[in-house]
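Right, one structure below, let's go through it.
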Amino acid sequence: MNEIRPLDIPVILGTTRKQRMSFHAARFVYGELQKRRGVVTSLIDIGELALPVDDAGEGVKDARFSAAMERADAIVIVSPEYNHSFPGLLKHVLDSCLKEYIHKAAGVVGVSAGVFGGARVIEHFQPVLRELGLVSIFWDVNFGGVDKVFDPGGQLLDPAYIRRTEKFLSELIWMAKVLRYGRDNVPLDKE
Amino acid sequence: MQCPSCGATMNRHAEKPIKGHAEDTTHYDAAIGGTVAAIHTCPGCGKVATELEPVRSA
């Protein structure tokens, strides 16, 4: 296995709304990822990408986002749940790439004001991730009642999330390592 | 395929169907209903590259 290059796992903040509580969740997960040895990470705010909305795919692709996805071995998507699903702009950003995602790991962090912690948005993501060529992991992090999980300054109030995020990231990193090995070394079988 | 960034031999690890594109007679595969993009990754630098598969006769 290639141990020279560290695993690259960016965190995507999937909402552009003002006063978004998902920002605190994304920053927290980003901070936990920074503690992992052999991992480099970054926080990508889709609000800073400013993709046009009158076209799709290659027609709106952001060069920096595309390069970040190409470098990535896995991605963490931090998504709020809006009317039981993901923000349209997040889907628009994800849809701007394709080859960059193939055979890479993905974990979803759900954020909601209600008790379900984005469980529905995480489920909605599964067919999307599959079509994008990403491999979904079976651990999630659910930030339910998010206004009580973080204080207004973004300080974590519930330490249980440290343990939950640790499990989530361990699974994601395992999958990222295995898939990198596969991308680098295992050719597609030909009939 | 050789890596356009570092020159290493890339690994061809996936084929992705892209529906439609019937106008692309060189690559459109009627059995698939679209073109097929082969995905290559460089084990040296992680670069990703694609190439469309030519149509195969039945």
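So the sequences go chain by chain: A and B.
Heads up, the first sequence is in my numbering, so the first residue is 1214 and it goes up one at a time.
Heads up, the second sequence is in my numbering, so the first residue is 10 and it goes up one at a time.
Idealized CB from N, CA, C, for every residue including glycine.
(message) I want to know whether the region 1231-1246 of chain A touches the region 1273-1288 of chain A - three or more CB-CB distances under 8 Å.
(response) no
(message) Three or more C-beta pairs under 8 Å: does that hold for the region 1217-1233 of chain A against the region 1351-1359 of chain A?
(response) no
(request) Check Glu32/B in the structure and name its three-state DSSP category. (result) coil
(request) Can you give me the Cβ contacts of Gln1338/A inside the same chain, cut-off strictly under 6 Å, excluding the 5 residues immediately before and after it? (result) The amino acid occupying residue 1338/A in the given sequence is Phe; Gln does not appear at that position. Hits under 6 Å: Val1321.
(message) Just to confirm my understanding: we take Lys28/B, look at its own chain, exclude 5 residues before and 5 after, and list those with CB closer than 7 Å. What are they?
(response) Gly42, Gly43
(request) Return the chain-ordered list of same chain residues with a C-beta closer than 6 Å to the C-beta of Lys1274/A, the five sequence neighbours on each side being excluded. (result) Ser1309
(message) I need the straight-line Cα distance from Val1224/A to Phe1278/A, nearest angstrom please.
(response) 12 Å
(request) May I have the straight-line CA-CA distance separating Asp1268/A from Pro1372/A, to the nearest angstrom? (result) 43 Å
(message) In the DSSP output, what is Phe1356/A paired with across the bridge?
(response) Val1324/A
(request) Please name the residue, chosen from Gly1346/A, Val1348/A, Ile1290/A, Leu1311/A, that lies closest to Gly1323/A on a Cα-to-Cα basis. (result) Ile1290/A
(message) If the criterion is Cβ atoms closer than 7 Å, does the pair Pro52/B and Asp1397/A meet it?
(response) yes
(message) Could you tell me the alpha carbon to alpha carbon distance between Ala47/B and Ile1315/A, rounded to whole angstroms?
(response) 10 Å
(message) Given this structure, state the Cα-to-Cα distance separating Lys25/B from Val45/B, to the nearest angstrom.
(response) 6 Å
(request) Report all residues from its chain with a CB closer than 6 Å to the CB of Lys1390/A; omit the five preceding and five following residues, and keep chain order. (result) none
(request) With a threshold of 16 other CB atoms inside 10 Å of the CB of Tyr1394/A, please say whether the residue is buried or exposed. (result) exposed
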